[in-house]
C-alpha cells in the first residue's frame, strides 16, 4: 500500500513539471509565424532608424567640424544646438556618439550644458608648445639690464677722475657733489621679456598654466595679468604664434 502511494506522488510531480513545457511548445508551434514577423519588423525598424541617424549625422558633420576648429577642440551641447538649430536632446545624443567614436574627454558642465574636448592636430600642437621648456635664456636682455644697472657706477667713476689727476676748485667740487647726489639716470630699469610661453607666463604670475589658458581669451586679460605680474606688466596672447607678448611696462 505504501509503494502505491509513493509511485502516485512521483507521477504527479512529473506531470507538474512537464505540463508548462508542453503548453509552451504548443504555443510556439501555433504562433511561430506571428512571432517571426514581429522579430523581423523590429529588426527592420532598427536598421531603418540607424540608416536615418547616419544620414542625418552626415548633414551635421560640417557644422560639427567647423565648431571644433573655431573653439580649438572644445564644444558644448549649447554650442551645437544654437549653431545647427537643434533640440538639446538631439545635440547631446550626437555629441555623445561623436565622443564615443573619437574618444573625446567629457568636461565639467558649464551653465548646465555638457562640454566635450576633441583632440586635433592643432590642439595637440598647442599642448606641446605649452609643455616645452624654453630653448634658450634671453641672454641679450640680461646683458642689457646689467649694463643699465652699472651705468650710475660708471658715472661716479668719471666724476671722481678729476679729483685724482688735478686739484679741483671749490666750485667744481660743489658741482660734482650735486651731480653725484642727484643722478639723472635711474638706478633701476625694468626690462620685460620679448615673449613668453604659457608655462613661463604662469610661473611668472604665480598661477597654474590652466588658469592662464582659461583667462587668455577674455577681454580683460591684460588687466588681469598686469595685476598679478611682479613688475606690473600687462600681457596679451597671440593665437598665431602661440606666445604671450607684453603690451605695457611700468617703470
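In the numbering used here, the protein residues as written are 3 to 253.
We treat Cβ as the ideally placed atom computed from N, Cα and C, and that holds for glycine.
Treat the numbers as computed from the prediction; the structure is a model and nothing was measured.
Subject >> C-beta contact flag for residue 99 and residue 82 at 8 Å >> reply: no
Original post:
Using 8 Å as the threshold, is the stretch 53 to 60 in touch with the stretch 70 to 81, meaning 3 or more CB pairs across them?
Top reply: no
Original post:
Would the beta-carbon of residue 237 fall within 8 Å of that of residue 199?
Top reply: no
Subject >> For residue 108, the residue or residues it bridges with in DSSP >> reply: 118
Original post:
How many angstroms separate the CA atom of residue 197 from the CA atom of residue 207?
Top reply: 14 Å
**OP:** Pull up the DSSP beta-bridge partners for residue 237, would you.
**Re:** 248
**OP:** Compute the Euclidean distance between the alpha carbons of residue 44 and residue 30, then round it to the nearest angstrom.
**Re:** Rounded to whole angstroms, residue 44 to residue 30 spans 19 Å at the Cα level.
Subject >> Close beta carbons around residue 231, own chain, < 8 Å, minus the five adjacent residues each side >> reply: 206, 207, 237
Original post:
With a Cβ-Cβ cutoff of 8 Å, do residue 119 and residue 104 count as a contact?
Top reply: no
**OP:** With DSSP as the reference, label residue 88 as helix, strand or coil.
**Re:** Three-state DSSP puts residue 88 in coil, outside helix and strand.
Original post:
Can you name the start and end residues of the beta strand (DSSP E) that residue 218 belongs to?
Top reply: Element bounds for residue 218: n/a, residue is neither H nor E.
Subject >> Residue of 222, 225, 124 minimising C-alpha distance to residue 71 >> reply: 124
Original post:
Can residue 62 and residue 91 be called in contact, C-beta distance under 8 Å?
Top reply: no
**OP:** Would you kindly check if the distance between the Cβ of residue 240 and the Cβ of residue 247 is under 8 Å?
**Re:** yes
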